[in-house]
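Structure first, commentary second.
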Amino acid sequence: MVILILLSGAFLIRRSTLHHDGGDDFIARIDGVPIHTGEFGRAASAYRDRVASGDISTETAMQKALEESVKIKIRQLIAQEEGLYPDISYAGFLRQLQQENKKREQAIKNGEVVFGPSRYSEEAYFEYVLGQITLSAKRRLLEREWKPDEQALKQFYEANKSRMYLVQGSVKVKQLSISFLNANQEVDETLKKQAKSKMDAALAMAVAGTEFENIAKASGPEVTLEERVIGLSNERTNLRSPVAQAAAKLADHEFSGVIEENGRFYLIESIGKQKEGSGYLEFKTIHDQVLKDYADFKYEDYVQERISKAPLVLNEAKYRSYRR
């Protein structure tokens, strides 16, 4: 059992500097692999504001930073063992960061397309690299060690469906719509007036009790009829969609007024709402998501198992004197 030493005193954090591994410039060794003070500092920085505000103590912040640093190093070690990340040292990471930024700088000078930032910060590049090697490690381990059969996946689904696979709130609608964009996908004011006139006529027919299918037939080929399901859980996304906002307010078999959104006019009718948590998503419709979740759970269990078995040797002098 590893005992973490709790420290007292101020917990001040500054950005880690670009210096190499060497000497005793490490906070701890996990399974014989050093955790550089720069890596510890990156983890500790996440708790700076919480310590400053008094939300957590210095001792708690230091312990959490060490625990996070240990977990990250184990994830890197797993990727190294899978042949995905040969150099897991802090110095190696900084060299990789510098090489990546030089490559991007040269590509920009050459007029080439560069995806992502023109220059990575240490924090952003670390998150990117860790995410990529973690995803690749999960895939390899899933294929080689954890590949589940259908029964195992269904068991995982059943065990977790109340927490992970509840039905999200949604409303199913019929929608009549017509575009007022020209061939260049630009708003055409003449087309817009004509489209609005057609949709006003469609609304009048709906008020008179005409079914949407018959309205579509009477309105001509420019007016399309579709059924769609609109999710109600993502409020931020729905705030940008007048159609989604209108659908959320409709009772069953109630229809809206004419709605304008993204170069089209819409008229919608609610044909069924499903309350959030009223049921479970069907296994067969979310098979790939269940497989991904299964891999995530197996990976996290594997990381925790590795942590529990790996000896942790604390550099007490460096840990006690650490001030960021």
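Count the sequence shown with the numbering used here and you get residues 449 to 772, in order.
Using N, Cα and C, we set each Cβ at its ideal position, and we do this for glycine too.
These numbers come from a predicted model, not from an experiment.
In the DSSP assignment, E675 falls outside any alpha helix (DSSP H) and lies within the beta strand (DSSP E) extending over T672 to G679. Here DSSP, grouped into helix, strand and coil, assigns P690 to helix. Below 8 Å, enough C-beta pairs join the region 536–554 and the region 565–581 to call them touching: three or more.
Residues of the same chain with a CB within less than 7 Å of the CB of L760, apart from the 5 flanking positions on each side, are V450, A476, I478 and V518 in chain order.
In this structure, the alpha-carbon of R754 lies about 34 Å from that of P565. DSSP lists no bridge partner for I520. In this structure, the alpha-carbon of S505 lies about 16 Å from that of A491.
In the three-state scheme derived from DSSP, where H, G and I count as helix and E and B as strand, Q633 is classed as coil. 8 Å or more divides the Cβ of Y568 from the Cβ of L583.
Judged by beta-carbon spacing, M653 lies beyond the 8 Å limit of V706, meaning their Cβ atoms are not closer than that value. Here the C-alpha atom of N630 lies approximately 22 Å from the C-alpha atom of V691. When rounded, the separation of the alpha-carbon atoms in V615 and R684 is 19 Å.
Contact fails between the region 696–705 and the region 593–604, because fewer than three Cβ pairs, one in each stretch, are under 8 Å apart.
In the three-state reduction of the DSSP assignment, E598 falls in the helix class, which pools H, G and I. Shown here, R477 sits in a strand according to DSSP, grouped into three states. In the assembly as shown, R523 is a buried residue. Its beta-carbon has 16 or more other beta-carbons within 10 Å.
Per the coordinates, the alpha-carbon of A527 lies some 24 Å from the alpha-carbon of S493.
With respect to the 8 Å criterion, A585 and E530 are classified as neighbours on the basis of their beta carbons. When C-beta atoms of the region 660–668 are compared with those of the region 731–740, fewer than three pairs fall below 8 Å, so the two segments do not count as touching. Across the structure, I520 and A664 are spaced so that their CA atoms are roughly 58 Å apart.
Of the candidates K557, K512, G559 and T485, T485 places its Cα closest to the Cα of Y538. Between Y767 and D744, the alpha-carbon positions lie close to 32 Å from each other. At the C-beta level, G711 and F628 come within 8 Å of one another.
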